[in-house]
Amino acid sequence: EFVRLQVLSDRREVGSGRAESTMTRLIAEAKAPARASIELGDVTHHNLKQLKKINTVVLPVSYNDKFYLDVLESGELAKLAYYNDVVVGAVCSRIDTSENMRRLYIMTLGCLYPYRRLGIGTVMVQHILNCVERDGNFDSIFLHVKVDNKGAIEFYKRFGFEIVETKQHYYKRIEPADAHVLQKTLTKKAAAATAAAASQPSSASSPDANQQHVDEQEDAPTGNGPEAVDAGRGIGGARLEAAADANVHNNHSSIQNSTSQQTPPAPEKNR
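If you use my numbering, the sequence shown corresponds to residues 69 to 339, in order.
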């Protein structure tokens, strides 16, 4: 790069009218960071341990084996987030059919601390929104957020979520124990189709393929130290230790969609 700039400098000295502007452009390109790659991948038996390690570091509660077995059956509703081919976050959701409604419940969504504010959380939430839009038969999406997690609350509000309820003593052995219920109300395609077809001579409503996963969290504090994630290979590498030392938020960490921060390289993924 130095040689290229030196050549351009020499050209300018001999009277090249375009050399100065070209050199300015090259300097700007040299300073610009490389474009980051954010991808989502399936949760499988081969990378389930990576999901467990992410949750151990990010979340203040622990989840039992049944939770992870159910996640394996969740398909598109559970994803690992990769930043430049490194696992740095995850989202797990399930279908809830309680209260005579069909809703999508975001059980966990989080990102390692050094990789927040890079747009990873936005990609995960948008994926969930796309899933319910394609399905078209959900009444709403909802989740629980600790009442003191202002960043997460504001993050979800940008996607149309609203606080609809506050549950007292929702968390065990975690302070504060109260949680807000955030919900985004949806328009069901099936309901709209039924209403539109009501005036037709023959009509039939779309079947509602209900499915429910049981969310059994042990709801106990988990260790945040490096011992909880062994070597951390394939899930952020040395970044895990920094994440463990950072303040642990609730299930839905304040992962903003800014791209202002850059992250040092980390080991490659192990999907």
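Don't be surprised by glycine CBs; every beta carbon is placed ideally from N, CA and C.
Can you grab the Cα-Cα spacing for the pair residue i / residue j, in whole Å?
{"i": "Val232", "j": "Thr165", "result": "18 Å"}
{"i": "Ser130", "j": "Val191", "result": "24 Å"}
{"i": "Ala146", "j": "Val213", "result": "19 Å"}
{"i": "Glu69", "j": "Lys121", "result": "Low per-residue confidence applies at Glu69: pLDDT is 43, beneath 50, and the placement is therefore not dependable, though the value from the model is reported in the following sentence. If you take the alpha carbons of Glu69 and Lys121, they lie about 41 Å apart."}
{"i": "Thr112", "j": "Pro244", "result": "34 Å"}
{"i": "Arg49", "j": "Val126", "result": "Lying before the first or after the last residue shown, residue 49 is absent from the chain, which here runs from 69 to 339."}
{"i": "Gly238", "j": "Phe210", "result": "First, the amino acid is wrong: residue 238 is Tyr here, not Gly. Taking the straight line from one Cα to the other gives about 15 Å."}
{"i": "Ser144", "j": "Arg202", "result": "Note that residue 144 is Glu in the sequence shown here, rather than Ser. Near 11 Å, if we compare the C-alpha coordinates of Arg202 and Glu144."}
{"i": "Leu148", "j": "Val139", "result": "11 Å"}
{"i": "Gly228", "j": "Lys134", "result": "31 Å"}
{"i": "Ser105", "j": "Val200", "result": "24 Å"}
{"i": "Val182", "j": "Gly219", "result": "With the sequence shown as reference, residue 182 is identified as Pro, and Val is not the correct amino acid for it. Those two C-alpha atoms are separated by around 16 Å."}
Give the single residue among the options whose Cα lies nearest to the Cα of residue i.
{"i": "Leu108", "options": "Pro128, Leu177 and Ser208", "result": "Leu177"}
{"i": "Lys257", "options": "Asn115, Phe206, Lys225 and Val159", "result": "Phe206"}
{"i": "Thr255", "options": "Glu230, Thr234, Glu222 and Ser208", "result": "Ser208"}
{"i": "Ile188", "options": "Asp203, Val155 and Asn198", "result": "Val155"}
{"i": "Asn115", "options": "Ala158, Ser105 and Pro244", "result": "Ala158"}
{"i": "Pro128", "options": "His195, Ile242 and Ala104", "result": "Ile242"}
{"i": "Val215", "options": "Val249, Lys117 and Leu186", "result": "Val249"}
{"i": "Tyr136", "options": "Gly204, Lys117 and Leu186", "result": "Lys117"}
{"i": "Phe223", "options": "Asp246, Gln194, Lys240 and Thr234", "result": "Gln194"}
Taking all protein chains shown into account, do 16 or more other C-beta atoms lie within 10 angstroms of the C-beta of residue i, making it buried, or fewer, making it exposed?
{"i": "Gln236", "result": "exposed"}
{"i": "Glu97", "result": "Confidence at Glu97 is low in this model, with a pLDDT of 43, below 50, so its placement is unreliable and no value can be given for it."}
{"i": "Met169", "result": "exposed"}
{"i": "Asn217", "result": "buried"}
{"i": "Asn132", "result": "exposed"}
{"i": "Arg171", "result": "buried"}
At a Cβ threshold of 9 Å, is residue i touching chain E?
{"i": "Phe210", "result": "Structure shown: chain E not included; a single protein chain is present."}
Assuming residue i and residue j form a contact by the criterion Cβ under 8 Å, report the distance between their Cβ atoms to the nearest whole angstrom.
{"i": "Tyr173", "j": "Arg162", "result": "6 Å"}
Quick check: does the Cβ of residue i come within less than 8 Å of any heavy atom belonging to the ligand ATP?
{"i": "Tyr150", "result": "The model on display carries no ligand, and the ligand ATP is accordingly not part of it."}
Which runs of the beta strand (DSSP E) at least 3 residues long sit entirely within the segment 167-200? Give them in chain order.
171-179
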